[in-house]
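Note that this note's numbering gives residue 338 to position 335 of the sequence shown, counting from 1, and the numbers run on in steps of one.
Remarks on the structure that follows.
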Amino acid sequence: MTTGLARASVRARPSAFAGVFSVLVLSATVVTASVAMLRIAAGIPAGEAREAVSTMGAGFTVVTVYLSVFVIAQVMALTVAARARENAVLRAVGALPWQIRRTVATEALCTALPALPVGYGLGCVLAYGWRDGMAAHGLLPHGVPLSVGWPPALAAAGVLFVTSQLGGLLAAHRAAWARPMDALGDAAGARRGVTLTGVVRGIGAVLALFGAAVLTAITAAGPREDVGEHLPLVLLAYLVGVGFAGPAIGRAAARLLAVPVRLLTLPRALGGGAAVELAFAQARATSRRLSSAITPVALVVAFTLVKLAALAAVAEPSWVDLFATVLYATFAAFAAANTMVLLSAERRREVALLRAVGAGAGQVLRMLVAEALTVTCAGFGAGVAVALAVTLPLGDAAGASLSALPLTTWAGTGAGVLALALAATLAPLPGHLRRAPG
Numbered sequence: 004m005t006t007g008l009a010r011a012s013v014r015a016r017p018s019a020f021a022g023v024f025s026v027l028v029l030s031a032t033v034v035t036a037s038v039a040m041l042r043i044a045a046g047i048p049a050g051e052a053r054e055a056v057s058t059m060g061a062g063f064t065v066v067t068v069y070l071s072v073f074v075i076a077q078v079m080a081l082t083v084a085a086r087a088r089e090n091a092v093l094r095a096v097g098a099l100p101w102q103i104r105r106t107v108a109t110e111a112l113c114t115a116l117p118a119l120p121v122g123y124g125l126g127c128v129l130a131y132g133w134r135d136g137m138a139a140h141g142l143l144p145h146g147v148p149l150s151v152g153w154p155p156a157l158a159a160a161g162v163l164f165v166t167s168q169l170g171g172l173l174a175a176h177r178a179a180w181a182r183p184m185d186a187l188g189d190a191a192g193a194r195r196g197v198t199l200t201g202v203v204r205g206i207g208a209v210l211a212l213f214g215a216a217v218l219t220a221i222t223a224a225g226p227r228e229d230v231g232e233h234l235p236l237v238l239l240a241y242l243v244g245v246g247f248a249g250p251a252i253g254r255a256a257a258r259l260l261a262v263p264v265r266l267l268t269l270p271r272a273l274g275g276g277a278a279v280e281l282a283f284a285q286a287r288a289t290s291r292r293l294s295s296a297i298t299p300v301a302l303v304v305a306f307t308l309v310k311l312a313a314l315a316a317v318a319e320p321s322w323v324d325l326f327a328t329v330l331y332a333t334f335a336a337f338a339a340a341n342t343m344v345l346l347s348a349e350r351r352r353e354v355a356l357l358r359a360v361g362a363g364a365g366q367v368l369r370m371l372v373a374e375a376l377t378v379t380c381a382g383f384g385a386g387v388a389v390a391l392a393v394t395l396p397l398g399d400a401a402g403a404s405l406s407a408l409p410l411t412t413w414a415g416t417g418a419g420v421l422a423l424a425l426a427a428t429l430a431p432l433p434g435h436l437r438r439a440p441g
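In structure tokens:
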């Protein structure tokens, strides 16, 4: 039964699983290229070049697996939340928690299967570019052979299986244990006050941030030359805490932005009034769902700022550092864009209802712009906080101080995140407006 339900769900909501598919493709691409680089390292003489290539390949693989589980769980959680009523009906007719979890895990696996060949093909292209780039910058001997072969494909298949299943199981946990009436009430937006999920998230945030602080202290006490290698893992540890605290961050951002945005849009010509009020009410009411967008935005900001700070401290930035910065930022930006597109795409009925009661297209547009601004500010603030938490104790040892960044870098990062949030949030809007009653 669960396999049939999973296949039917994927066929019924192809757009919802497009985000998971794209993340899995990116994951398979990076893992394929990373394992191919490890094979190159095994074929060159022992020395600094071999050690550098091996460390880089292994590091990219570990971080990619970590990011994939993190992001897939976020995106899959949105697809599960979008069909809360269906899960409630299944629970009402006798579906057990393990059946709900198995259905979601099977959906993730059905999405991972076609992602493997696409990611492997792109990974082969990336591996050749990676090798040629390192050779051009003197980091590898010229003419070193590259044989991709089966090991990278098997590694990518294993990573996709593990990450899709872990991400699916994490996403399904809440739906699997929800009582039917609770799930129906949650789907209708009726739940208020303190909930068990909120308490668990709060405890998880405290534990994750405490663990990140301990990892920071251990890294600071270790060898100075290893700090730079451990920096991405410390960043990710803090971002787990941000993920748990996402709903609280979203609610706080909505409250803090309410007054300045109302003042800026007070004149009707600037879009004030009902649209802005509705946007903030929506942000407060759906803060748990918005947290799925806030976390990857924070990931983009934190990785970008820390890596750029490390590059700013070096007179001649190495090609490897630039390559890592672009790759991590691309992964995080991809995740953020997918999440926000999915959030906006799931609001078709809501837009139709607003249009039915007389809301104009401009009001709907302003509402979504205000929400995108809320996500941008919340994600940017959380990302900066994580970057500071990492660089203040570890920045000197890793050569990554945020004070070295010029104002244009801060402004460019903020503008880039805002542009990403606006583009992803507004992408499904034309389709919604065409379908909505005029």
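Heads up, the beta-carbon is just placed ideally off N, CA and C, and yes, glycines get one too.
Proximity below 7 Å, CB of residue i to CB of residue j
i: G428; j: L371; result: It should be pointed out that residue 428 corresponds to Thr in this sequence rather than to Gly. In contact: T428 and L371 (Cβ atoms closer than 7 Å).
i: A159; j: V28; result: no
i: T32; j: L125; result: yes
i: T394; j: A403; result: yes
i: G382; j: A301; result: yes
i: V230; j: A52; result: no
i: N341; j: G122; result: no
i: A424; j: V378; result: yes
i: W322; j: H140; result: yes
i: L163; j: R104; result: no
i: A208; j: G244; result: yes
i: A312; j: L408; result: yes
i: S57; j: A44; result: yes
i: L308; j: D324; result: no
i: V83; j: V26; result: no
i: G62; j: M40; result: no
i: L112; j: L345; result: no
i: A255; j: V303; result: no
i: A211; j: F247; result: yes
i: G253; j: I297; result: yes
i: T35; j: P155; result: yes
i: V107; j: A55; result: no
i: S294; j: P250; result: yes
Three-state secondary structure (DSSP) of residue i
i: L273; result: At L273 the pLDDT is 46, less than 50, meaning the model places this residue with poor confidence and gives no usable figure here.
i: L163; result: helix
i: H176; result: helix
i: A248; result: coil
i: A97; result: Checking the sequence, you will find Gly at residue 97 rather than Ala. If DSSP states are grouped into helix, strand and coil, G97 belongs with coil.
i: E110; result: helix
i: G382; result: helix
i: G126; result: helix
i: E349; result: coil
i: H435; result: helix
i: G361; result: coil
i: G201; result: helix
i: L143; result: coil
i: A256; result: helix
i: L2; result: Not covered by the structure: residue 2. The range shown for the chain is 4 to 441.
i: A403; result: coil
i: P226; result: coil
i: L149; result: coil
i: P320; result: coil
i: A430; result: coil
i: P235; result: helix
Residue i classed as buried or exposed, judged by whether at least 16 other C-beta atoms fall within 10 angstroms
i: E110; result: buried
i: S347; result: buried
i: H435; result: buried
i: T333; result: exposed
i: G274; result: Note that G274 scores 46 on pLDDT, short of 50, meaning its location in the model is unreliable and no value can be drawn from it.
i: L143; result: buried
i: T114; result: buried
i: T166; result: buried
i: L397; result: buried
i: A49; result: exposed
i: G152; result: exposed
i: G225; result: exposed
i: S30; result: buried
i: T411; result: exposed
i: R227; result: exposed
i: L99; result: exposed
i: R204; result: buried
i: F24; result: buried
i: A240; result: buried
Any non-hydrogen atom of the ligand GDP closer than 6 Å to residue i Cβ
i: A348; result: The ligand GDP is not part of this structure, which contains no ligands at all.
The stretch 92 to 100 contacting the stretch 127 to 137, beta-carbon criterion three pairs below 8 Å: no
Between the stretch 58 to 71 and the stretch 230 to 240, do at least 3 Cβ pairs fall closer than 8 Å? yes
Could you pull out every unbroken alpha helix (DSSP H) segment of at least 4 residues lying fully inside the stretch 21 to 46, listed in chain order? none
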